[in-house]
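Below is one structure, written out as structure tokens; the observations come after it.
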Amino acid sequence: MRLRALLETEALGLRLLGGEDELDRTVRGVMTTDLRDPSRYLSGGELVLTGLAWRRDASDSEPFVRILAGAGVAGLAAGEAELGDIPADLVEACLQHRLPLFAVHETVAFATITEHVVRQVSGERAGDLAAVVDRHRRLMTSGPAGGGPEVVLDLLTSDLDLRAWVLSPTGRQIAGAGAPLPGALGAALA
1 MRLRALLETE ALGLRLLGGE DELDRTVRGV MTTDLRDPSR YLSGGELVLT
51 GLAWRRDASD SEPFVRILAG AGVAGLAAGE AELGDIPADL VEACLQHRLP
101 LFAVHETVAF ATITEHVVRQ VSGERAGDLA AVVDRHRRLM TSGPAGGGPE
151 VVLDLLTSDL DLRAWVLSPT GRQIAGAGAP LPGALGAALA
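Position 83 of the sequence shown, counting from 1, maps to 83 under full-length UniProt numbering, and the rest follow consecutively.
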């Protein structure tokens, strides 16, 4: 799922405070933390939820955001329940590190956001799995009796929009999906 989809879900009550240009980032998971350095628990692509308990003063924001950005998180959502408005130093640190920042209204539980993200990401993964199973089925039904490399090449073209060819050691095209290999390119690739 994309960060943009979170903003489009009114029930989550998220307000974007910065990072409009980064809303097409992919969210692969969600993590709630108030650790000053949560890097060992991050793998990249997370939406990080925080209640800001790690923040003692304004000087804490930049190192926290730098750690998140370095870990490759998708975005940061800070709760307003404890401090009210999100501190300006956190907004500035997120802008500096190009990390999208959302405010989470005090009436919205982090569990609500977590459940929404998990449902969306799981649904996407199930769709990916269904596509893999469908590709496998199409490969298997072509059978060993004549499917040949064309079946695989057709799948590459139709499902992934990739052009591919099977070439002999001299560069002669043996199989291909779609348009033939251009001119002397076969010999150059061989």
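The C-beta atom is built at its ideal place from N, Cα and C for all residues, glycine as well.
- About 3 angstroms separates the beta carbon of glycine 19 from that of proline 100, a gap short enough to meet the 8 angstroms contact definition.
- For secondary structure counted as the beta strand (DSSP E) over 3 or more consecutive residues, the stretch 67-105 holds these complete runs in sequence order: 75-79, 101-104.
- The shortest C-alpha to C-alpha distance from aspartate 60 to any of Leu35, Leu16, Leu167, Val151 is the one to Leu35.
- Valine 117 sits away from glycine 79, with the two beta carbons spaced by 8 angstroms or more.
- A residue is called buried once 16 or more other Cβ atoms fall within 10 Å of its Cβ, and leucine 12 is buried on that count.
- Alanine 175: member of the beta strand (DSSP E) spanning 173-176, first to last residue.
- Residue state for glycine 183 is assigned as coil, using DSSP reduced to three classes.
- If you look at leucine 7, you'll find it in the alpha helix (DSSP H) that goes 3-7.
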